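Participant: Numbering-wise, the sequence shown is residues 871 to 1045 according to my numbering.
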Amino acid sequence: MKPIVFLLFSCLFIAACGGPKAFYDYDESMNFAQCKTFSFYDNQQTGLNELDQERLFNALTSQLISKGLTPSESADFKINITTDVFQERNNNTSVGIGIGGGSGGFGGGVSGGIPINSQQTILEITIDFANSVNNELFWQAVVEDNLPRETTPEERTEIFNEMIAEALENFPPEK
871 MKPIVFLLFS CLFIAACGGP KAFYDYDESM NFAQCKTFSF YDNQQTGLNE LDQERLFNAL
931 TSQLISKGLT PSESADFKIN ITTDVFQERN NNTSVGIGIG GGSGGFGGGV SGGIPINSQQ
991 TILEITIDFA NSVNNELFWQ AVVEDNLPRE TTPEERTEIF NEMIAEALEN FPPEK
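(1) What do you get for VAL1013, buried or exposed, if any count of 16 or more other CB atoms within 10 angstroms of its CB means buried?
(2) Do MET900 and PHE999 come within 7 Å of each other at the CB atom, strictly closer than that value?
(3) To which residues does DSSP link PHE927 through a beta bridge?
(4) What three-state label does DSSP hand PRO1018 in the structure shown?
(5) Please report the straight-line C-alpha distance between ASN919 and LEU926, rounded to a whole angstrom.
(6) Return the chain-ordered list of same chain residues with a C-beta closer than 8 Å to the C-beta of GLU1039, the five sequence neighbours on each side being excluded.
(7) Below 7 Å CB to CB, which residues in the same chain sit around ALA1035 once its five sequence neighbours on both sides are set aside?
(8) Buried or exposed: which applies to LEU921, given that a residue is buried once 16 or more other Cβ atoms fall within 10 Å of its Cβ?
(9) The alpha helix (DSSP H) with THR1027 in it runs from where to where?
(10) Assign PHE1030 to one of two classes, buried (16 or more other C-beta atoms within 10 Å of its C-beta) or exposed (fewer than that).
(11) Are there 16 or more other CB atoms within 10 angstroms of the CB of PRO890, so buried, or fewer, so exposed?
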């Protein structure tokens, strides 16, 4: 019985620690087979510092190339990126203290919980794909993940790579 309980709690813990979460929307009438080349809108104000913006653009370019698309000045579609960084209070964590005793088959106990309030920095990236001719939006992904303050440049690169991989997981959409 104990191995089953341990396995159950391990699975719940792993699921709770999940990575990026992405949400999608797209124009169902769009013929995604026509999307072969891409470019970024000029002078984007992503809200990120230059280093993180470069990481984001590199991750997006690499993922799109891996899907068979090609960067081009005369692209089929253009990409716009916006970001939002916000603090999320995490009130679910607590520390429990328990005291127990017993003698002669009788027992008693006292326990209490001390809530621990903490904040997480959440990065939200919105990726818009728009037709190069008429600038009409045809696909959008919003992806969120925890962005720890104290990370190395390599860790930040990995965070952006994971977020973009999650955002583009279902691009192009299957109809």
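Yeah, the Cβ is synthetic: ideal placement off N, Cα and C, and Gly gets one too.
Since the model is a prediction, treat every value here as computed from it, not as a measurement.
Facilitator: Walking through what the data contain:
(1) Position 143 of the sequence shown, counting from 1, holds the residue named residue 1013. Buried: at least 16 other Cβ atoms inside 10 Å.
(2) The residue given as residue 999 occupies position 129 in the sequence shown. The residue given as residue 900 occupies position 30 in the sequence shown. Going by C-beta atoms, PHE999 is not nearer than 7 Å to MET900.
(3) What you label residue 927 is simply residue 57 of the sequence shown in a count that begins at 1. Note: PHE927 sits in no beta bridge, so no partner.
(4) Translated into the one-based positions of the sequence shown, residue 1018 becomes position 148. Coil.
(5) Reading the sequence shown from its first residue, position 49 is the one you call residue 919. Reading the sequence shown from its first residue, position 56 is the one you call residue 926. Each residue's alpha carbon lies about 11 Å from the other.
(6) Residue numbering aside, residue 1039 sits at position 169 when the sequence shown is read from its first letter. Contacts found: ALA892.
(7) Working through the sequence shown from its first residue, we reach residue 1035 at position 165. Same-chain partners within the cutoff: GLN933.
(8) Taking the first residue of the sequence shown as position 1, residue 921 is located at position 51. By the neighbour-count rule (16 or more Cβ atoms within 10 Å), LEU921 is not buried but exposed.
(9) Counted from its first residue, the sequence shown places residue 1027 at position 157. Its alpha helix (DSSP H) spans residues 1023-1037.
(10) On the sequence shown, residue 1030 is found 160 positions in, with the first residue counted as 1. Answer is buried; the Cβ neighbour count reaches 16.
(11) One-based indexing of the sequence shown puts residue 890 at position 20. Per the 10 Å Cβ criterion, buried.
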